[in-house]
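For reference, the structure discussed in these notes is given below.
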Amino acid sequence: MSFNYSEIEKKWQERWIEEGLNRADRDEGKPKFMLIFAYPGVTGYLHVGHMRGFSYVDAIGRYKRMTGHNVMFPVGTHATGNGAISLASRIARKDQDILDYLIRNGCPEEKLEELTDPLSVVGFFNDVYVNDYWKRFGFLADWRRFTCTLYPDYSRFMQWQFRKLMDAGLLIQKPYFAPACPECGPVAVDASETDLSKGGNAETQEYTLLKFRCGDMHLVAATLRPETVYGQVCFWVNPEVDYVRLSYGGETWVVSPQAAEKLSFQKDGVSVTGSIPGRDLIGLMCEAPMIHREIPVLPAAFCDPDVGTGLVTSVPSDAPDDWISLEAVKRDPEAVSVYGISRELLDSVVPVSIISMEGYGEFPARDAIGRLGITEPGDPMLEEAKKQVYKDGYHTGRMKEVCGPFAGMRVEEAKERMKQQMLDSGEADVFYDLTEEVLCRCGGRVHIHRIDDQWFIDYGNEELTERTSAHCRSMTINPPEYAENVHGVLRWFRERACVRLGNWLGTRFPFDDRWIIEAISDSTLYP
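Counting from 1, position 28 in the sequence shown corresponds to residue 73 in this note's numbering; the numbering is continuous, with no gaps.
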């Protein structure tokens, strides 16, 4: 005997709906049970991973119905953000990759012209998700309760939430440095890549910009380790890069063209006034900040114009890249003689020991390089050496006597104190950058921009944290290990930017309609 499983499946799915098993109406005689799965973003077709996760929720709902509960299981879609806008834009540009993707997954060709409108994209995929996926899978969701984050009733629900947050004093406004696309405005950089086509794992790093006086200009280097300034012995420049001069704050800075663009997004009054080849800087002397000692400018191919400012201060005692590069230059003095650098000058550049740390000798960078068998610049293991030295120095290091008033301090304390002293004296500034290339869904390059009046939800509020933590103790959380971790996570939370300016779909912020409530903040609580 053979069975037509598709017909059997269809028969019972229709029977379930006829019997109203999926519907949730008020019934005081039954205990209530409500569940939901995270709304999928409306950015394309779903995959088996989505359906696997959704099936867990459906199975739990079925079990609870069998135990006599009145189960409410609504579903919805998450269209907030720029996902649908970006998809519609690519269709309008006749991007062949996206057209092939849509047609291959079942989109009728005659539908493509209609999908150049973002709202049509949302409507199309709402229909696909409900009718082609969820109903065909037999999910017992209450289809009367389907919602989308763009629907008026959902927007009202979000605005109600934000009025409650304002009443509770949990909305605050202050300047903010945020990832932004030049076309779409601020974007969320996170692993979900809701707003992105690349770079969801990037993090925002705060650099200290160190200014090295060199004649009538300042060579500007970006560092993550301002506590190492007492160990500066030379300055690295890439001879193959054409740098730019820019005017800012009454000074002339030299940085890479990429850094100049990034700085223009974060500071007022930045203007490029000229260019200067990197090879023209090599051999010059510059005055290092804090220590006020002249150090030579030397060539280094590892200076990446897209990282920091494209210029690097050299602390070979505690930076493996610097140690190995200085050794390479000293081994081949002829290679730098073309820049007018003498053997005597090279010999005068010697490491200065500045930090004592557990498990290392006089020069931690040298020790790390030796342990990993690194002998040449460009060795991939240099990244691992750098991570080891930086981590161990931060957690176990103390500043040595050569560091003057900072001697004896733990590295983590000296880092902030030295940075603040240089900021106060005008020898340093602050700059933000992403740890890797990030691309918006529209294809634009994302950089860090300054927003002067950004709104935040204050998740760092101590009273809110304690109340939430106490509430979590009354919850049943599975797997059980999550119950142990959740309290630490709550204490880790800080302010989160909750609204965006720019070209977005979503709910208008009820206190200033120039802003749209962003894609995470409008789905923290589900109806």
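Where a beta carbon is used, it is the ideal one built from N, C-alpha and C, also for glycine.
* So, helix, strand or coil for Lys431, using DSSP? -> helix
* Asked: What three-state label does DSSP hand Lys256 in the structure shown?
  -> strand
* Asked: Would the beta-carbon of Ile340 fall within 8 Å of that of Phe408?
  -> no
* beta strand (DSSP E) segment containing Gly319, residue limits -> 316-322
* When DSSP labels each residue in this structure, what does Val299 get in the three-state scheme? -> strand
* Asked: Buried or exposed: where does Asn523 fall if 16 or more other Cβ atoms within 10 Å of its Cβ makes it buried?
  -> exposed
* Asked: What's the C-alpha gap between Phe554 and His532?
  -> 30 Å
* **Close beta carbons around Met203, own chain, < 6 Å, minus the five adjacent residues each side** => Thr552, Ile562, Asp567
* Quick one: measure Cβ to Cβ for Cys448 and Ile399, integer angstroms, because I've assumed they're closer than 8 Å. => 6 Å
* Below 8 Å on the Cβ atoms is my guess for Asn176 versus Cys193; work out the distance and round it to an integer in Å. => Their Cβ separation, rounded to whole angstroms, is 15 Å, which puts Asn176 and Cys193 out of contact at 8 Å.
* Helix, strand or coil: which one does DSSP assign to Lys77? -> strand
* To do: Helix, strand or coil for His532, going by three-state DSSP, please let me know.
  => helix
* To do: Could you give the DSSP three-state label for Gln499: helix, strand or coil?
  => strand
* Could you give the distance in angstroms between the alpha-carbon of Gln206 and the alpha-carbon of Ser200? -> 10 Å
* Same chain only: Cβ atoms within 8 Å of Asp261, ignoring 5 sequence neighbours per side -> Thr297
* Asked: How would you label Arg388, buried or exposed, when you count the other beta carbons within 10 angstroms and need 16 or more for buried?
  -> exposed
* With distances taken between CB atoms, is the gap from Leu479 to Pro224 smaller than 8 Å? -> yes
* How about Arg495 and Phe222: are their beta carbons less than 8 Å apart? -> yes
* **Three-state class that DSSP yields for Arg270 in the structure shown** => coil
* Report the residue from Ser370, Leu550, Trp57 whose alpha carbon sits nearest the alpha carbon of Ser131. => Leu550
* Asked: If you drop the 5 nearest sequence neighbours on each side, which residues of the same chain put their C-beta closer than 8 Å to that of His263?
  -> Lys256, Phe257, Glu296, Thr297, Trp298, Val299
* Return yes when the Cβ of Ala186 is within less than 8 Å of the Cβ of Pro85, no when it is not. => no
* To do: Jot down the residue ranges of each uninterrupted alpha helix (DSSP H) in the region 445-524, minimum 4 residues, whole runs only, in chain order.
  => 456-470, 507-518
* Rounded to a whole number of angstroms, what is the C-alpha to C-alpha distance between Ile419 and Tyr405? -> 17 Å
* Leaving out five residues before and five after Asp287 in sequence, what residues of the same chain have Cβ atoms less than 6 Å from its Cβ? -> Ser320, Pro322
* For the beta strand (DSSP E) containing Arg290, list its first residue and its last residue. => 287-293
* Are the region 426-434 and the region 214-221 in contact at 8 Å, needing three or more beta carbon pairs? -> no
* Are three or more beta carbon pairs between the region 532-547 and the region 499-510 nearer than 8 Å? -> yes
* What whole-angstrom Cβ distance do Ala345 and Val357 have, given they're in contact under 8 Å? -> 7 Å
* Asked: DSSP puts Glu540 in a beta bridge; with which residues?
  -> Asp503
* Do the region 145-153 and the region 93-110 meet, that is, are 3 or more Cβ pairs less than 8 Å apart? -> no
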